[in-house]
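Enquirer:
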Amino acid sequence: MRFEEFLRKVPKVELHCHFEGTVRASTFADLAKRHGIALPTGDVSKLYDYATIYEFLDIFALVSSTLVDREDFARVAYESLEDGVTLGNLRYREMFFNPTLHTRRGIRIATVLDGMIDGIRQAETDLGVQCRLIADVYRQDEPATARQMVEEVVELRRPEVIGLGMDGAESPDSPERFVEAFALAARNGLRLTSHACEDGPPENVTTCLDLLGCERIDHGYHVLESPEVTARCRDEGIYFTCCPTSTSVVYGWTDLRTHPIRDMVDAGLRVTLNSDDPTMFRTDIGSEYADLCMALHYDVAQVRRFVFDGIEATWLDDSDKTSLRRAFSDELEHLERQLEAT
Ligand code: HPA
Ligand code: ZN
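When we follow my numbering, the leftmost residue of the sequence shown carries the number 26, and every step to the right adds one.
See below:
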């Protein structure tokens with residue numbers, strides 16, 4: 026087996042993937058037609074073209090607006106997990122979704138959640154993949170809107186929802202605006218993470234860790250600009266959920282050989298690999314491993330570090346982590362033997 030094929034076949038967990046960013050272009054077009062929503066182009070292959078994070082977020086909101094009925098949410102959740110399994114041997118995902126992108130259009134949060142959960146359960150039955158959910162604060166919302174979103178999520182008490190995160194454009198809205206929403210989530214037993222240092226300064230990581238109480242950091246590249254914050258994250262073993270492709274498109278890090286992920290690994294930070302918004306960035310979790318590890322000539326030992334750090338960074342309990350570690354170890358040994366045989 027060639028190394029690239031091995032990288033696609035390695036069993037994986039994924040911790041940074043947005044539900045609304047996993048809609049297949051063909052499904053986007055189909056749902057838009059069904060619900061009478063106008064699209065900027067009739068050419069399905071051009072639906073996901075954009076150059077900046079702001080253009081990206083506009084299309085992200087447009088995709089979200091085509092999700093209306095419980096069945097739409099179920100279909101997209103199922104297809105999203107199916108793509109992860111088929112293209113990258115995905116076994117477990119903690120997946121973001123943006124409640125307020127739906128509730129502000131009058132969709133009930135129960136419709137959003139129960140639809141996604143239908144799709145997740147069907148995918149587990151059919152494909153053996155597991156998925157849990159993380160509700161994301163949308164940074165451009167008002168703090169009171171974010172707080173209310175957390176209240177609604179907490180009130181519904183769906184066991185699949187295990188955490189709170191935060192996304193949207195980082196530069197204009199600093200993380201401390203949402204301290205109340207995060208505190209409320211923590212009081213109600215949700216785990217915490219946040220996008221930070223995607224295009225914002227290292228202080229955003231400090232704020233997310235110390236003020237919001239986050240356990241993980243999503244992206245994190247600009248942390249490297251501060252030796253102090255970098256050292257702290259290394260010493261505390263903070264996990265970073267990094268996304269090679271999405272950041273190359275919107276931030277111009279097109280050459281994976283010089284992507285900041287390389288420097289984060291070299292600095293001793295704990296990095297996991299993820300696809301962010303796979304269909305919107307024309308990628309998948311298999312390609313993220315294949316493209317980055319091939320570009321940086323990473324060896325099997327480094328691939329194992331990405332995979333097992335991914336398991337450690339999940340919010341599964343210890344016994345579930347142990348089972349996943351065992352299953353992945355067995356499968357990796359088998360795959361490594363096939364790699365040696367060629
Ligand atoms: N960053 C900010 N907002 C987002 C992202 C991201 O990676 N994906 C979806 N919304
Ligand atoms: Zn993201």
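Where is the CB? At the ideal position from N, CA and C, for every residue including glycine.
Between the segment 110 to 130 and the segment 62 to 72, are three or more C-beta pairs nearer than 8 Å?
Expert: no
Enquirer: In whole angstroms, what is the alpha-carbon distance linking residue 127 and residue 250?
Expert: 36 Å
Enquirer: Please determine, among 283, 264, 262, the residue with the shortest C-alpha to C-alpha distance to residue 272.
Expert: 283
Enquirer: Would you mind stating whether residue 187 and residue 221 have Cβ atoms separated by less than 8 Å?
Expert: With contacts defined as CB atoms closer than 8 Å, residue 187 and residue 221 fail to qualify as a contacting pair.
Enquirer: Residue 298 by DSSP, collapsed to three states: which one?
Expert: strand
Enquirer: Looking at C-alpha atoms only, which residue of 85, 34, 92, 31 is the closest neighbour of residue 57?
Expert: 92
Enquirer: Our contact map puts residue 125 next to residue 174 with C-beta atoms below 8 Å; I'd like the distance itself, whole angstroms only.
Expert: Correct: roughly 5 Å between the Cβ atoms.
Enquirer: Cβ of residue 235 within 7 Å of any heavy atom in ligand 4?
Expert: Within the structure as shown, ligand 4 is missing, the only ligands being ligand 1 and ligand 2.
Enquirer: Ends of the alpha helix (DSSP H) at residue 173?
Expert: Boundaries of the alpha helix (DSSP H) around residue 173: 168 to 181.
Enquirer: Could you check how far apart the C-beta atoms of residue 40 and residue 297 are, in whole angstroms? I think they sit under 8 Å.
Expert: 6 Å
Enquirer: So for residue 163, helix, strand or coil by DSSP?
Expert: strand
Enquirer: So if DSSP puts residue 268 in a beta bridge, which residue, or which two residues, is it bridged to?
Expert: Partner(s): none; residue 268 has no beta bridge.
Enquirer: Can you grab the Cα-Cα spacing for the pair residue 319 / residue 29, in whole Å?
Expert: 7 Å
Enquirer: Can you name the start and end residues of the beta strand (DSSP E) that residue 231 belongs to?
Expert: Unbroken run through residue 231 is the alpha helix (DSSP H), 228 to 235; no beta strand (DSSP E).
Enquirer: With residue 58 as the anchor, note down where its beta strand (DSSP E) starts and where it stops.
Expert: Looking at the DSSP string, residue 58 is not in any beta strand (DSSP E); the run it does join, the alpha helix (DSSP H), is 50 to 59.
Enquirer: Determine the extent of the beta strand (DSSP E) in which residue 190 is found, giving its start and end residues.
Expert: 186 to 192 is the span of the beta strand (DSSP E), which, as asked, contains residue 190.
Enquirer: Among the residues of its own chain, which have a CB less than 6 Å from the CB of residue 292, if the five just before and after it don't count?
Expert: 255
Enquirer: Can residue 309 be considered in contact with ligand 1, in the sense that its beta carbon sits closer than 7 Å to one or more heavy atoms?
Expert: no
Enquirer: Work out the CA separation of residue 237 and residue 213 for me, nearest whole Å.
Expert: 14 Å
Enquirer: What does DSSP give as the partner residues of residue 155 in its beta bridges?
Expert: 117
Enquirer: In this structure, does DSSP put residue 244 in helix, strand or coil?
Expert: strand
Enquirer: What does a CB cutoff of less than 7 Å around residue 227 pick up in its chain, not counting 5 residues either side in sequence?
Expert: 247, 248, 250, 251, 254
Enquirer: Please report the straight-line C-alpha distance between residue 160 and residue 366, rounded to a whole angstrom.
Expert: 44 Å
Enquirer: Does the distance from the C-beta atom of residue 84 to that of residue 289 stay below 8 Å?
Expert: no
Enquirer: Taking 7 Å as the line, does the beta carbon of residue 301 fall inside it for any heavy atom of ligand 2?
Expert: yes
Enquirer: Indicate the three-state DSSP secondary structure (helix, strand or coil) for residue 218 in the structure shown.
Expert: strand
Enquirer: Residue 247: beta carbon under 7 Å from a heavy atom of ligand 2?
Expert: Residue 247: no, Cβ never under 7 Å from ligand 2.
Enquirer: Take every Cβ of the segment 95 to 115, pair it with every Cβ of the segment 146 to 162, and state whether three or more of those distances are shorter than 8 Å.
Expert: yes
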